[in-house]
Amino acid sequence: MTRSERLEQIYTIVAQIPAGRVTTYGRVAKMTDGATARMVGSAMRQLPAGHGLPWHRVINASRRVTEHGGAIDQREKLRAEGVAFDAKGRVNAELLWP
DNA sequence: CTTGTGACCAGCA
DNA sequence: ATGCTGGCCACAA
């Protein structure tokens, strides 16, 4: 597997996450062939503008939004899609996409 | 619930 | 080549 092939896999998988659902870095990584969770995070970080990918539907394994530059926007986008956060900032486990 | 530790691997200085 | 750093994860304690 080359680096760009894994990137494509990551993009393809993220693009398949339905609106109003979320998944985790590790889950995306498992669906690819050889990518690690860190690479998924790195891929999301380097996304160009206007990519059209629902990057905001990717959260961490504890069902929280990881602290980073666009975390506020991420929560807002999810909320706009109907993803509810509880008082501790966690999303409902039933919203997880396999 | 919280921390700490080890594993993972692509970039970059 | 080496060393450090990441939108992380699983598994302790």
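Going by my numbering, the final residue of the first sequence carries number 640, and the count climbs one at a time with no gaps.
Glycine is no exception: its CB is placed at the ideal position from the N, C-alpha and C atoms.
Helix, strand or coil for residue i, going by three-state DSSP, please let me know.
i, result
"valine 564", "strand"
Taking the CB atoms as reference points, tell me whether residue i and residue j lie closer together than 8 Å.
i, j, result
"isoleucine 559", "threonine 566", "no"
"valine 625", "valine 600", "no"
"alanine 603", "glycine 568", "yes"
"lysine 630", "histidine 598", "no"
"alanine 561", "glutamate 623", "yes"
Tell me where the alpha helix (DSSP H) around residue i begins and ends.
i, result
"glutamate 618", "613-622"
At the level of alpha carbons, what is the spacing between residue i and residue j?
i, j, result
"arginine 605", "alanine 635", "7 Å"
"glycine 576", "valine 570", "11 Å"
"threonine 608", "aspartate 615", "12 Å"
"proline 640", "glycine 592", "26 Å"
"threonine 554", "leucine 595", "9 Å"
"leucine 589", "threonine 578", "17 Å"
"glutamate 550", "lysine 572", "14 Å"
"isoleucine 552", "threonine 574", "7 Å"
"arginine 621", "leucine 637", "13 Å"
"arginine 548", "arginine 580", "13 Å"
Secondary structure, alpha helix (DSSP H): runs of 4+ residues fully inside the region 553-611
Fully enclosed alpha helix (DSSP H) runs of 4 or longer: 567-573 and 579-587.
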